[in-house]
Amino acid sequence: MTIEGVSVNSQSEDSGAVTWFVDEAGDPTLFGKGGKVVAATEGCSRFFIAGKLECRDVEALTADLERLRKDVVADPFFKDVPSLDPARKRTAVHFHAKDDPPEVRFMVYKLLAQHDLRFVAVVRDKLRLVDYALQRRRIDPAYRYDPTGHELYDELTRHLFSR
1 MTIEGVSVNS
11 QSEDSGAVTW
21 FVDEAGDPTL
31 FGKGGKVVAA
41 TEGCSRFFIA
51 GKLECRDVEA
61 LTADLERLRK
71 DVVADPFFKD
81 VPSLDPARKR
91 TAVHFHAKDD
101 PPEVRFMVYK
111 LLAQHDLRFV
121 AVVRDKLRLV
131 DYALQRRRID
141 PAYRYDPTGH
151 ELYDELTRHL
161 FSR
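Residue numbering for the sequence shown follows our numbering, starting at 1 and increasing by one per position.
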């Protein structure tokens with residue numbers, strides 16, 4: 001469903017093509033071995049988030065990001081930043097917030113603010129989802145929460161694209 005970097009094209013009646021970029025944060029894990037609740041414990045997120053970025057001019061955004069990336073990679077200020085080493089194939093190829101220094105993230109955010117973008121996110125509290133899964137199991141003993149998260153992904157995707 002949501003894979004980092006996925007883009008989906010759609011048509012908007014009022015302003016032409018729209019490109020959606022979809023990603024998630026967190027993991028769908030609720031239960032560990034023996035059915036023990038692990039959501040919101042150390043090493044397991046409490047929330048699962050799906051987000052959608054809508055872009056009306058993906059070509060202009062891509063060109064601006066590429067130009068910024070080349071400028072950053074060529075800037076001597078960043079010469080010792082590991083993620084900017086072309087051999088590592090990280091920021092030297094694509095920006096990635098978890099790898100980029102704050103100065104680079106700031107430049108990217110500043111660039112994004114110049115474009116016609118809309119961001120929508122859906123957040124699911126996994127502790128409430130645990131309650132749902134346990135209640136559903138009481139009603140239907142054959143029910144098992146899908147540890148791959150397909151049920152959760154489907155639910156969040158429906159909500160995400162209804163906005």
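Cβ atoms here follow ideal geometry from the backbone N, Cα and C, with glycine treated the same way.
Identity of the residue in the options nearest residue i by Cα
{"i": "T148", "options": "D27, T19, Q135", "result": "D27"}
{"i": "I49", "options": "R118, D23, V38, A63", "result": "D23"}
{"i": "V130", "options": "Y153, D75, K36", "result": "K36"}
{"i": "L127", "options": "V38, R138, R69", "result": "V38"}
{"i": "F31", "options": "D154, L134, Y153", "result": "L134"}
{"i": "L65", "options": "A113, W20, F78, P76", "result": "A113"}
{"i": "F21", "options": "E54, I139, R105, F106", "result": "E54"}
{"i": "G43", "options": "V72, D80, T29", "result": "T29"}
Residue i - partner residues in DSSP beta bridges
{"i": "L117", "result": "C55"}
{"i": "R124", "result": "F48"}
{"i": "V37", "result": "F31"}
Residue i to residue j span [Cα, whole Å]
{"i": "F47", "j": "H115", "result": "29 Å"}
{"i": "R158", "j": "R56", "result": "22 Å"}
{"i": "L61", "j": "A142", "result": "48 Å"}
{"i": "Q11", "j": "A97", "result": "Model confidence at Q11 stands at a pLDDT of 49, short of 50, so the residue's coordinates are unreliable; what they give is reported in the following sentence. Approximately 29 Å between the Cα atoms of the pair."}
{"i": "P101", "j": "A17", "result": "33 Å"}
{"i": "A40", "j": "P76", "result": "42 Å"}
{"i": "Y153", "j": "E103", "result": "33 Å"}
{"i": "R137", "j": "R144", "result": "7 Å"}
{"i": "F106", "j": "F95", "result": "12 Å"}
{"i": "Y132", "j": "K52", "result": "25 Å"}
{"i": "D165", "j": "F78", "result": "Residue 165 cannot be examined here, being either before or after the span of the chain that is shown, 1 to 163."}
{"i": "D71", "j": "D99", "result": "17 Å"}
{"i": "L111", "j": "E155", "result": "32 Å"}
{"i": "H150", "j": "A63", "result": "35 Å"}
{"i": "F161", "j": "R69", "result": "30 Å"}
{"i": "G5", "j": "D140", "result": "Here the model assigns G5 a pLDDT of 49, short of 50, so the residue's position is not dependable and the matter cannot be decided."}
{"i": "G34", "j": "S45", "result": "19 Å"}
Inter-residue CB distance, residue i and residue j (contact presumed, cutoff 8 Å)
{"i": "T19", "j": "V58", "result": "4 Å"}
>> Counting beta carbon pairs with one atom in the segment 114–123 and one in the segment 82–90, are three or more of them shorter than 8 Å?
In response: no
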